[in-house]
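Reading through the structure tokens given below for one structure.
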Amino acid sequence: MTGLEQFRELVGDGRPALGEGCLLIASHIGGADAVAEGRARLDRLAAAVVEAHGPSPDVALVVEHLVERVGFHGDRSDYGAVRNSLLPEVLRLRRGIPITLAVVVIEVCGRLGSRAVGVGMPGHFLVGDGPRPERWFDPFGGSAALDARGAETRFRSVHGSGATFDPAFLRPTPPAQILARVLNNLANALRSLGDPTGLVRALELRDAIPGVRESPRARVELAEALASVGRVSDAAALLDDLSDRVDPRRRSGVEARVAQLRATLN
1359 MTGLEQFREL VGDGRPALGE GCLLIASHIG GADAVAEGRA RLDRLAAAVV
1409 EAHGPSPDVA LVVEHLVERV GFHGDRSDYG AVRNSLLPEV LRLRRGIPIT
1459 LAVVVIEVCG RLGSRAVGVG MPGHFLVGDG PRPERWFDPF GGSAALDARG
1509 AETRFRSVHG SGATFDPAFL RPTPPAQILA RVLNNLANAL RSLGDPTGLV
1559 RALELRDAIP GVRESPRARV ELAEALASVG RVSDAAALLD DLSDRVDPRR
1609 RSGVEARVAQ LRATLN
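In my numbering, the protein residues as written are 1359 to 1624.
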């Protein structure tokens, strides 16, 4: 079974294992040993937390251990680097972006029986201390616990003091949506790097996630990426399927692009 097939199977039920999904992403992008290596590193981190703090640490203690003792931190100097969206690289280098650092915390907590959740605010990503969070953490910025007001302040530090804040921004984000967001970041990084093959792989993974594959914009993006690497027939087939479901106001444009692609095959 290929990495893409494994990922499709994982996300198929709508409640995928987050860490496993991130490791399969890295494997499909090009890390042959990504899954085994990533699992082992996460297991070792969890064991070290138990050794230092006992068998039942809460989320705050896990964050403090990972940030203050192990040294996980935000990569501010090269935020958009591909490696920051690949969980094995984040584990190896102990630096990343908010969403991948949050995944590290969530996965270590999960191994210790402590429920942590991802909280995907617009433009930033936090860790919540349970299904109905009362405290939030930003391992990208340190180990301090945030109350709701502190989390709102963190949001405004990203978007500006006048930005509109909705308390719903602090609710847990489902794992499938977190994986889609990881893949959005990865696709942007690969596009900036000028890696069309890697971009196709990232977008194919994203397209496997229920809720994403129904998005016309995501399907068009994948089709154009496929065309850019010479998979013109696949791109045309994808857009042809989309033309039956797209807004009628956009249908003629999609159909014209299908015809254009198929003309290059003659």
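C-beta atoms are modelled at their ideal positions from N, C-alpha and C, and glycine is treated no differently.
- Excluding residues up to 5 positions away in sequence, Ala-1545, Leu-1548, Arg-1549 and Ala-1583 lie with their Cβ nearer than 7 Å to the Cβ of Leu-1557 in the same chain.
- Boundaries of the beta strand (DSSP E) around Val-1475: 1475-1477.
- Residue Gly-1468 holds the alpha-carbon nearest to the alpha-carbon of Ser-1414 among Glu-1447, Gly-1468 and Tyr-1437.
- Within the same chain, Cβ atoms closer than 7 Å to the Cβ of Ala-1585 are found at Ala-1593 and Leu-1619, the five residues on either side in sequence being excluded.
- Pairing Pro-1530 with Gly-1486 gives a Cβ-Cβ distance under 7 Å.
- Taking 8 Å as the upper bound for CB-CB distance, Gly-1372 and Pro-1568 are in contact here, some 6 Å apart.
- Taking a C-beta distance under 7 Å as the contact criterion, Phe-1495 and Leu-1459 do not qualify as a contact pair.
- When rounded, the separation of the alpha-carbon atoms in Leu-1444 and Asp-1416 is 26 Å.
- Across the set Ala-1581, Thr-1622 and Gly-1377, the C-alpha of Gly-1377 shows the shortest separation from the C-alpha of Leu-1449.
- Looking at the DSSP output, Ala-1503 sits in a beta bridge with Phe-1495.
- Taking a C-beta distance under 7 Å as the contact criterion, Phe-1498 and Glu-1510 do not qualify as a contact pair.
- Bounds of the beta strand (DSSP E) holding Leu-1484 are 1484-1486.
- Taking a C-beta distance under 7 Å as the contact criterion, Pro-1456 and Phe-1483 qualify as a contact pair.
- Counting only residues of its own chain and dropping the five nearest sequence neighbours on each side, Ala-1410 has a CB closer than 8 Å to the CB of His-1423 and Arg-1427.
- With distances taken between CA atoms, Ala-1581 lies nearest to Val-1616 out of Val-1616, Arg-1434 and Val-1461.
- Ranked by Cα distance from Asn-1624, the first of Ser-1601, Arg-1608, Val-1590 and Arg-1603 is Val-1590.
- For the 7 Å CB-CB criterion, Leu-1382 and Gly-1361 form a contact.
- Counting the other Cβ atoms within 10 Å of the Cβ of Pro-1533 gives 16 or more, which makes it buried.
- Separation of the CB atoms of Leu-1563 and Leu-1528 is rounded to 28 Å, and the pair is thereby denied contact status at 8 Å.
- The beta carbon of Ala-1538 sits closer than 7 Å to the beta carbons of Arg-1564, Ile-1567 and Val-1570 from its chain, once the five residues preceding and following it are set aside; these are given in chain order.
- Nearest Cα to Val-1578 within the set Ala-1560, Leu-1597 and Glu-1572: Leu-1597.
- One thing to note: Glu-1465 has its Cβ within 7 Å of the Cβ of Leu-1400.
- A residue is called buried once 16 or more other Cβ atoms fall within 10 Å of its Cβ, and Pro-1480, having fewer, is exposed.
- In the three-state DSSP reduction, Gly-1468 falls in the helix class (H, G or I).
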